[in-house]
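Numbering (my numbering), first residue to last: 56 to 532. Built from N, CA and C at the ideal position, the CB exists for glycine as well.
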């Protein structure tokens, strides 16, 4: 499960169908939203279709060598503390490779900074800072949004800070990806928000033979995001006040990172001036997700999680490998090298277990994930373990069939019980193509404007509207 070379094209395999037995408008505003929303639907349909067809001859692989020098951390790391800058350089910002189809109203700076991994050890992480060209029209100094991206894959080439330099990454086979969150980023900077996009611990770092991304790890996701905010405040020549307001944003695993950041801030980064966090469909309870992943468009996310566990806790490698059937070994190892579209093309709608070991696991996943030690590993990644610093906005869909609604409800209740200021917004889009995760994907783009406005209100000092006293209806069975 190490991060080896981004190797040969895998041939797709169609597995059986027996289910797992367990259970304001800126210049980048409205038009851009429609464009990305339409594009998202096209991509989802296209990659779902390709997942059911045979592979094609791979084209030439893209050249990623230009990133090696910057993304290879010094060994040993220079002396310092979490959040210290290690290096920075200008970053190209484009929507597509030629850079001719529209332009960002921001200047980019790629950064490498010190942070800590899941075990509290010092490591290097990367990201990209966006300095707006437009003034901040609100109250006080220019605000900073620490942006935790959603899942893009685990290969080095999938790192969001690299994607912003390319617009669209394409290397071979179906290993292509693009920054599907660029509309939010472009809109935010057009409205005067400064942004630091954090790749996440291990993501994009050139570290042959070493641990890869600590995907969906609660601890390092939060510390990596907090330290990205610290590092952005140290960049020379920005319009930021070193003590200015900071908010966090994320979707899915990015939502987990944002939630973890506000949970850990009081003890890890008490000097950061946090005004709030917007969590969009946050991964708040990994232990609830495996039954939903079986046969799902995004079933490849489970391979990301398993890789993330081993990268964060290498002592679990033998245990987890022992539960994998031959196809499962390929599923996990190949997923450590590729981006999201390739994952969907290769693994969409596959089932996890068959009694004859032709699935991905040689044990029933209901047993594996429902019992220790794996259950404890997953529960350790849960949000809700500490009172967050600042108010929190949680946005999710009642009928989500990838990241269950109940996880967000439980998170709201856990935080409210600790005295936090929490607002849960429930999107009521009815169930549609459940295994295609439409109720995970579309609400983010539909309700993103609402989340951005909530953050703007926090920066402008407006009162919050918590709804801790309200009891939302449970997720339908």
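Which of the three DSSP states, helix, strand or coil, is assigned to residue i?
{"i": "residue 517", "result": "coil"}
{"i": "residue 523", "result": "coil"}
{"i": "residue 243", "result": "helix"}
{"i": "residue 225", "result": "strand"}
{"i": "residue 144", "result": "strand"}
{"i": "residue 407", "result": "coil"}
{"i": "residue 343", "result": "helix"}
{"i": "residue 353", "result": "coil"}
{"i": "residue 379", "result": "strand"}
{"i": "residue 208", "result": "strand"}
{"i": "residue 277", "result": "helix"}
{"i": "residue 98", "result": "Since pLDDT at residue 98 reaches only 44, below the 50 mark, its modelled position is unreliable, and the value read off the structure follows with that caveat. Looking at residue 98 - three-state DSSP - the assignment turns out to be helix."}
{"i": "residue 387", "result": "helix"}
{"i": "residue 509", "result": "helix"}
{"i": "residue 501", "result": "helix"}
{"i": "residue 371", "result": "helix"}
{"i": "residue 359", "result": "helix"}
{"i": "residue 151", "result": "coil"}
{"i": "residue 491", "result": "helix"}
{"i": "residue 348", "result": "helix"}
{"i": "residue 39", "result": "Given a span of 56 to 532 for the chain in the structure shown, any question on residue 39 remains unanswerable."}
{"i": "residue 412", "result": "coil"}
{"i": "residue 215", "result": "helix"}
{"i": "residue 220", "result": "helix"}
{"i": "residue 237", "result": "helix"}
{"i": "residue 496", "result": "helix"}
{"i": "residue 191", "result": "coil"}
{"i": "residue 469", "result": "helix"}
Using CA atoms only, rank isn't needed, just tell me which of the options is closest to residue i.
{"i": "residue 454", "options": "326, 465, 482", "result": "482"}
{"i": "residue 176", "options": "250, 136, 145", "result": "136"}
{"i": "residue 359", "options": "323, 242, 267, 422", "result": "267"}
{"i": "residue 376", "options": "416, 141, 396, 426", "result": "416"}
{"i": "residue 513", "options": "234, 194, 354", "result": "194"}
{"i": "residue 445", "options": "458, 138, 220, 475", "result": "475"}
{"i": "residue 143", "options": "287, 423, 399, 279", "result": "287"}
{"i": "residue 191", "options": "218, 160, 422", "result": "160"}
{"i": "residue 426", "options": "270, 217, 278, 343", "result": "343"}
{"i": "residue 393", "options": "212, 443, 327, 219", "result": "212"}
{"i": "residue 447", "options": "297, 269, 431, 334", "result": "334"}
{"i": "residue 178", "options": "246, 146, 259, 147", "result": "259"}
{"i": "residue 157", "options": "122, 173, 222", "result": "222"}
{"i": "residue 297", "options": "499, 233, 327", "result": "327"}
{"i": "residue 233", "options": "451, 245, 247, 208", "result": "208"}
{"i": "residue 429", "options": "399, 480, 363", "result": "363"}
{"i": "residue 218", "options": "452, 148, 272", "result": "148"}
{"i": "residue 498", "options": "509, 331, 485", "result": "485"}
{"i": "residue 345", "options": "391, 458, 320", "result": "458"}
{"i": "residue 406", "options": "361, 432, 390, 355", "result": "355"}
{"i": "residue 516", "options": "460, 361, 329, 450", "result": "329"}
{"i": "residue 442", "options": "373, 480, 352, 322", "result": "322"}
Which residues bound the beta strand (DSSP E) around residue i?
{"i": "residue 480", "result": "477 to 482"}
{"i": "residue 187", "result": "177 to 187"}
{"i": "residue 163", "result": "161 to 171"}
{"i": "residue 48", "result": "Within the shown structure, residues of the chain are numbered from 56 to 532, placing residue 48 beyond reach of any answer."}
{"i": "residue 233", "result": "231 to 233"}
In terms of residues, what are the limits of the alpha helix (DSSP H) holding residue i?
{"i": "residue 252", "result": "From DSSP, residue 252 is part of no alpha helix (DSSP H) but of the beta strand (DSSP E) over 249 to 253."}
{"i": "residue 395", "result": "395 to 402"}
{"i": "residue 269", "result": "Counting along the chain, residue 269 falls outside any alpha helix (DSSP H), and DSSP gives it neither H nor E."}
{"i": "residue 125", "result": "123 to 126"}
Completely contained alpha helix (DSSP H) runs for the region 281 to 337, where each covers 4 or more residues: 308 to 323
Touch test, the region 488 to 497 against the region 364 to 378, Cβ-Cβ under 8 Å, three pairs minimum: no
Stretch-stretch touch, CB-based, cutoff 8 Å, three pairs: the region 221 to 234 with the region 337 to 351: no
Inter-stretch contact (C-beta, 8 Å, three-pair minimum) for the region 179 to 194 and the region 158 to 170: yes
In chain order, each alpha helix (DSSP H) run of at least 4 residues that lies wholly inside the region 416 to 466: 420 to 425, 429 to 434
Touch test, the region 150 to 157 against the region 120 to 136, Cβ-Cβ under 8 Å, three pairs minimum: no
Touching by the beta-carbon criterion (3+ pairs, under 8 Å), the region 405 to 415 and the region 280 to 299: no
Three-pair Cβ contact test at 8 Å for the region 254 to 273 versus the region 304 to 321: yes
Cβ contact (3+ pairs, closer than 8 Å) linking the region 298 to 305 and the region 199 to 213: yes
Cβ contact (3+ pairs, closer than 8 Å) linking the region 234 to 246 and the region 503 to 520: yes
Cβ contact check for the region 429 to 443 and the region 453 to 472: 3 or more pairs under 8 Å: yes
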